[in-house]
Amino acid sequence: MPDPAAPTSPEQHRNAVPFWNDPDKRAIAFQALVLAGVGALGYYLFHNTLVNLDRQNIATGFGFLGKESAFEIGESLISYSAADTYAKALLVGVLNTLKVSFIGIVLTVVLGTVIGIARLSTNWLVSRLAGGYIELFQDIPVLLQLFFWYSIFYEFLPAPRNALNPMAGVFLCNRGLLFGVPVPHPAYKVAAAAFLAACVLVWVIRRWARRRQERTGQIFPTVRVGLALLVGLPVAGWAVAGAPTAMDLPRLQGFNFVGGLSLSPEFAALLMGLVLYTAAFVAEIVRAGIQSVSHGQTEAAMSLGLKPSQTLNLVILPQALRVIIPPLTSQMLNLTKNSSLAVAIGFPDFVAVTNTTINQTGQAIEGVALIMAVYLLFSLSTSAFMNWYNKKMALVER
Amino acid sequence: MTVSGNAPKAEVLRPPVTRVGVVGWMRENLFNGWLNSVLTLVVLYGLWQVVPPLVRWALVDSLWNSTPEACRSIDGACWSFVPANLRFIVFGFYPADQQWRPLVSMVLLVALLWWSRDRSHWNRRLGWVWAAGLVVMGVLMRGGILGLQGVETSLWSGLPLTLLLSVFGMVAAYPFGVVLALGRQSRLPAVKSLCVVYIEMIRGVPLISMLFMASVMFPLFLPEGVTINKILRALVAIILFTAAYIAEVVRGGLQAMPKGQYEAAEALGLNYVQTMRLVILPQALKIVIPPTVGILISAFKDTSLVVIIALYDLLNTTKSALSNPKWMGFSTEAYIFVAAIYFVCCYAMSNYSRRLERELTPGRAGSDP
Chain A
0 MPDPAAPTSP
10 EQHRNAVPFW
20 NDPDKRAIAF
30 QALVLAGVGA
40 LGYYLFHNTL
50 VNLDRQNIAT
60 GFGFLGKESA
70 FEIGESLISY
80 SAADTYAKAL
90 LVGVLNTLKV
100 SFIGIVLTVV
110 LGTVIGIARL
120 STNWLVSRLA
130 GGYIELFQDI
140 PVLLQLFFWY
150 SIFYEFLPAP
160 RNALNPMAGV
170 FLCNRGLLFG
180 VPVPHPAYKV
190 AAAAFLAACV
200 LVWVIRRWAR
210 RRQERTGQIF
220 PTVRVGLALL
230 VGLPVAGWAV
240 AGAPTAMDLP
250 RLQGFNFVGG
260 LSLSPEFAAL
270 LMGLVLYTAA
280 FVAEIVRAGI
290 QSVSHGQTEA
300 AMSLGLKPSQ
310 TLNLVILPQA
320 LRVIIPPLTS
330 QMLNLTKNSS
340 LAVAIGFPDF
350 VAVTNTTINQ
360 TGQAIEGVAL
370 IMAVYLLFSL
380 STSAFMNWYN
390 KKMALVER
Chain B
0 MTVSGNAPKA
10 EVLRPPVTRV
20 GVVGWMRENL
30 FNGWLNSVLT
40 LVVLYGLWQV
50 VPPLVRWALV
60 DSLWNSTPEA
70 CRSIDGACWS
80 FVPANLRFIV
90 FGFYPADQQW
100 RPLVSMVLLV
110 ALLWWSRDRS
120 HWNRRLGWVW
130 AAGLVVMGVL
140 MRGGILGLQG
150 VETSLWSGLP
160 LTLLLSVFGM
170 VAAYPFGVVL
180 ALGRQSRLPA
190 VKSLCVVYIE
200 MIRGVPLISM
210 LFMASVMFPL
220 FLPEGVTINK
230 ILRALVAIIL
240 FTAAYIAEVV
250 RGGLQAMPKG
260 QYEAAEALGL
270 NYVQTMRLVI
280 LPQALKIVIP
290 PTVGILISAF
300 KDTSLVVIIA
310 LYDLLNTTKS
320 ALSNPKWMGF
330 STEAYIFVAA
340 IYFVCCYAMS
350 NYSRRLEREL
360 TPGRAGSDP
């Protein structure tokens, strides 16, 4: 080793070290090697695929999307028939996936929060029941749960003729869950418009109230006024436009029900399985989030003279949410991804429709690529939204 | 009241009856405050509505060992389905005269798991024992040598297949996941971006799409004439999928390492491989043992998804036993039985992971509020 005290210029230094010992050059060489390896593997697989496709006479590309699909889909949010294209069939699938995920996420968050709070209850019975629920539902595969609920629909529930009727207008039988809906009437459009107007109004009032509180310190009862507006305006709109009360109830006709709105057994089983399974995980997240806020925070808030509701809204929740939101996001994504298990019980979600498409057209690569692309899109957009929300909730340090 | 030396011995009063014993406990835990009292009564009423009919269905009116015809005439559960189909549910299509082999393999696996439970057994020898054990299990299942009759992998089914997919999947995915995690933490931009893209992509798609890929696309990837069997294809998909989740868990451990550890290793003149192998990974992997057990649990549950690509794991053998017209219509009982198997396994693992978490977190054992 040369005399360490002697100053070396960068040029001398570079000359002194052979290139294989220079970390920068080694890094470049290593990365080139890795990229070349991955590239070679990718090319090998791609080449084999092309050869195999050529041998089996399968055309590549997404041209099949424009062809007639020639299969029916049991449930659809938009009008669809077998004469429509594959592209439209896939769109129906995407909408069905979105439908079950959206309803599922809302129900899961509500149920999970309730169970998570119940787990922390001072009531021994309630807390133990919640704990038992969490253990039981976390430890059974979700697919098995879906099969189980689906079998309950088929084996335990009676035929439409003997349908269970737990409430007026609600029927439960092996054709699904049926319930009455109001007969269409312009008054409902008026009520919907009034609801939208109320939403905008509440938003404006909230901003104004916060400004006023910052300026003068006076508190405006935003929540109470907001709730009154959100409920009152639509009801008023409905009443002014004629207050229709006619309901379209499901009626037994022959062997099945007509009228009303029905949830198919497939949809109901899927929703139930996903919600009950994911809610167990959400409950644990909520419990951990609430426990992460130390009791001193509650005591401090009370000694400042805050009311219990203010303590919860202004002190506990903002801190607990910070812990809860990131894992909650990944549970929402899990629910969306698990909704793809619909294919196993015959609910036409995106994966099920794509699977039928693959079987009919033989376009396996394109089909799998579409599935991956659509779910990646869901995942990335959900995490983008949740990151934005999380940033909004995050601790602002001065 | 004054206390003096010669006062008669104070009578020891028992605490009021409402403070101790069953009554006290109930007041403390069930009826403290009107809200809790109402809650307790509502829950008790709900349980009263649900539990007695359930008990009547499952225990009182049920049949445990009868013909399917006898089951049709009762209202209760028909548990007879389970003993009548147990062999098929557990071993599936494996030849009946050879089924001691999967049985021995499973016993061996459980024994190995039981032995590895104790942390004082964790050393290099245990690794070799596991390697030898896995080879023995593979030979027992496959046969074809040592005078054992060969059994095609297409006949492997039931519980052995479920265990095989989860254990081999986990064992193979672990090193791959560690490499991915190291790549993600790497300073080399090309390596880092490759790993990030892989991990985020796999975590963004459902396992089903990987299994579809395995069943319909893998055959296209291979050169003409080369085929791999269905189980191996599913296993590869499970490995590729699980590795991304392991990578994220291991990354957590790597990020938890203080910078001083890297600097100390560098000061000792260790290169990258030595730093990782001797200093960082032993510590980082130890921190993430509990979440890794969590991944094992979800991998075990997720193997049930191979039903969708028509592999006969525990769930699918149950489904096909149910499709026998003789036993059709007893799905509820069958699914409860399978759920009980899954529950026992997962509950044992999650309990173990909680125990490890307590043991491995210094300063938290017992002192946690």
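Quick mapping for you: the protein sequence lines, in order, are chains A and B.
Under numbering that gives the first Met the number 0, the first residue of the first sequence is numbered 0, with each subsequent residue one higher.
Under numbering that gives the first Met the number 0, the first residue of the second sequence is numbered 0, with each subsequent residue one higher.
Note that CB positions come from ideal geometry on N, CA and C, so glycine has one too.
Report yes or no: do the stretch 155-175 of chain B and the stretch 86-106 of chain B share at least 3 C-beta pairs separated by less than 8 Å?
Yes, they touch.
First and last residue of the alpha helix (DSSP H) that includes A:Asn486?
No answer is possible for residue 486 of chain A: it lies beyond the span of chain A, which begins at 0 and ends at 397.
Where does A:Val180 sit, in a helix, a strand or coil, going by DSSP?
Counting from 1 along the first sequence, the entry for residue 180 of chain A is found at position 181. Three-state result, A:Val180: strand.
Helix, strand or coil for B:Gly157? Go by DSSP, reduced to three states.
As a first step, residue 157 of chain B must be located in the second sequence, where it is residue number 158. If DSSP states are grouped into helix, strand and coil, B:Gly157 belongs with the strands.
Do we get a CB-CB distance below 9 Å when we pair A:Pro140 with the residues of chain B?
Sequence index remark: in the first sequence, residue 140 of chain A carries index 141 (1-based). With 9 Å as the cut-off, A:Pro140 counts as an interface residue toward chain B.
Among A:Leu106, A:Val314 and A:Gln290, which residue has its Cα nearest to the Cα of A:Met301?
Taking the first residue of the first sequence as 1, we reach residue 301 of chain A at position 302. Ranking A:Leu106, A:Val314 and A:Gln290 by Cα distance to A:Met301 puts A:Val314 first.
Answer with yes or no whether the minimum CB distance from B:Pro218 to chain A is below 9 Å.
Here the question's residue 218 of chain B lines up with position 219 in the second sequence. Yes, B:Pro218 counts as interfacial toward chain A.
With a threshold of 9 Å between beta-carbons, can B:Phe342 be considered close to chain A, or not?
Counted from its first residue, the second sequence places residue 342 of chain B at position 343. Chain A contact via Cβ: present.
With DSSP collapsed to three states, give me the class of B:Leu53.
Locating residue 53 of chain B in the second sequence gives position 54, where the first residue counts as 1. It is helical.
Are any of the Cβ atoms in chain A nearer than 9 Å to that of B:Lys318?
Residue mapping note: residue 318 of chain B aligns to position 319 of the second sequence, counting from 1. By this cut-off, B:Lys318 is an interface position.
Starting from A:Cys198, follow the alpha helix (DSSP H) in both directions and report where the run begins and ends.
What you label residue 198 of chain A is simply residue 199 of the first sequence in a count that begins at 1. Looking at the DSSP string, the run of the alpha helix (DSSP H) that includes A:Cys198 is Pro185 to Thr215.
Mind listing which residues of the stretch 196-218 of chain B have their C-beta closer than 7 Å to chain A's C-betas, in chain order?
Against chain A - using a Cβ distance shorter than 7 Å - the residues of the stretch 196-218 of chain B are Met200, Gly203, Val204, Pro205, Ile207, Ser208, Phe211, Met212, Val215 and Met216.
Hey, how far is the Cα of B:Met0 from the Cα of B:Gly23?
Your numbering for residue 0 of chain B matches position 1 in the second sequence. Your numbering for residue 23 of chain B matches position 24 in the second sequence. At B:Met0, the pLDDT of 46 sits below 50, so the modelled position is not reliable; the number obtained from the coordinates is stated separately. Taking the straight line from one Cα to the other gives about 29 Å.
State the Cα-Cα distance for the pair A:Pro325 and A:Phe178, rounded to the nearest angstrom.
On the first sequence, residue 325 of chain A is found 326 positions in, with the first residue counted as 1. On the first sequence, residue 178 of chain A is found 179 positions in, with the first residue counted as 1. So the alpha carbons of these two residues sit roughly 37 Å apart.
Check whether chain A comes within 9 Å of B:Arg354, counting only Cβ atoms and requiring the distance to be less than that.
For the purposes of this step, residue 354 of chain B is taken as residue 355 along the second sequence, with counting starting at 1. So no, B:Arg354 is outside the interface.
Under three-state DSSP, which class holds A:Asp23?
On the first sequence, position 24 is the one that residue 23 of chain A refers to. DSSP places A:Asp23 in helix when its eight states are reduced to three.
By the DSSP assignment, the alpha helix (DSSP H) with B:Val196 in it spans what residues?
Along the second sequence, one-based indexing puts residue 196 of chain B at 197. It spans Pro188 to Gly203 - the alpha helix (DSSP H) in which B:Val196 sits, taken as one unbroken run.
Does the pairing of the stretch 254-269 of chain A with the stretch 337-347 of chain A give three or more beta-carbon distances under 8 Å?
The stretch 254-269 of chain A is in contact with the stretch 337-347 of chain A.
Check whether the stretch 194-208 of chain B touches the stretch 369-385 of chain A, counting contact only when three or more Cβ pairs, one atom from each stretch, lie closer than 8 Å.
Segments in contact, yes.
Which residue comes first and which comes last in the alpha helix (DSSP H) that contains B:Gln282?
Numbered from its first residue, the second sequence carries residue 282 of chain B at position 283. It spans Leu280 to Ile286 - the alpha helix (DSSP H) in which B:Gln282 sits, taken as one unbroken run.
Might you give, ordered along the chain, the residues of its own chain that have their beta carbon closer than 6 Å to the beta carbon of B:Ala236, omitting 5 neighbours on each side?
By one-based count along the second sequence, residue 236 of chain B stands at place 237. If we look at B:Ala236 and ignore the five residues flanking it on each side, its Cβ neighbours are Met209, Leu210 and Ala213.
Considering only the alpha carbon of each residue, which of A:Ile364, A:Asp138, A:Ile77 and A:Ile133 lies closest to B:Phe299?
Working through the second sequence from its first residue, we reach residue 299 of chain B at position 300. Residue A:Asp138 is the option with its Cα nearest to B:Phe299.
Can you list, in chain order, the stretches of the alpha helix (DSSP H) that have 4 or more residues and sit fully within the stretch 83-117 of chain B?
Qualifying alpha helix (DSSP H) stretches, in chain order: 99-115.
Using a Cβ-Cβ distance cut-off of 9 Å, determine whether B:Arg186 contacts chain A.
The residue labelled residue 186 of chain B in the question sits at position 187 within the second sequence. At least one chain A Cβ lies under 9 Å of B:Arg186.
Would you say B:Ser119 lies against chain A (beta-carbon separation less than 9 Å)?
The sequence position of residue 119 of chain B within the second sequence is 120, counting from 1. Not one chain A Cβ lies under 9 Å of B:Ser119.
Would A:Trp387 count as contacting chain B if we go by Cβ distances under 9 Å?
As a first step, residue 387 of chain A is located in the first sequence; it is residue number 388 there, counting from the start. No - not a single Cβ of chain B is within 9 Å of the one on A:Trp387.
Could you give the distance in angstroms between the alpha-carbon of A:Ala245 and the alpha-carbon of A:Gly225?
Within the first sequence, residue 245 of chain A is the residue found at index 246, counting from 1. Within the first sequence, residue 225 of chain A is the residue found at index 226, counting from 1. The straight-line gap from Cα to Cα measures roughly 29 Å.
Just to confirm, does A:Phe346 get its C-beta within under 8 Å of one of the non-hydrogen atoms of the ligand ATP?
Looking at this structure, you won't find the ligand ATP or any other ligand, since it has none at all.
Work out the CA separation of B:Glu27 and A:Arg223 for me, nearest whole Å.
The count along the first sequence starts at 1 and reaches residue 223 of chain A at position 224. The count along the second sequence starts at 1 and reaches residue 27 of chain B at position 28. Roughly 35 Å separates the two Cα atoms.
Buried or exposed: A:Phe18, going by 16 or more other Cβ atoms within 10 Å of its Cβ?
Here the question's residue 18 of chain A lines up with position 19 in the first sequence. With fewer than 16 other Cβ atoms within 10 Å, it is exposed.
Which same chain residues, not among the five before or five after A:Gly130, have their C-beta less than 7 Å away from its C-beta?
Against the first sequence, residue 130 of chain A aligns to sequence position 131. Result list for A:Gly130: Arg118, in chain order.
Which chain A residues sit within Cβ distance under 9 Å of B:Ile294?
The count along the second sequence starts at 1 and reaches residue 294 of chain B at position 295. Correct list: empty, because the minimum Cβ distance to chain A is about 13 Å.
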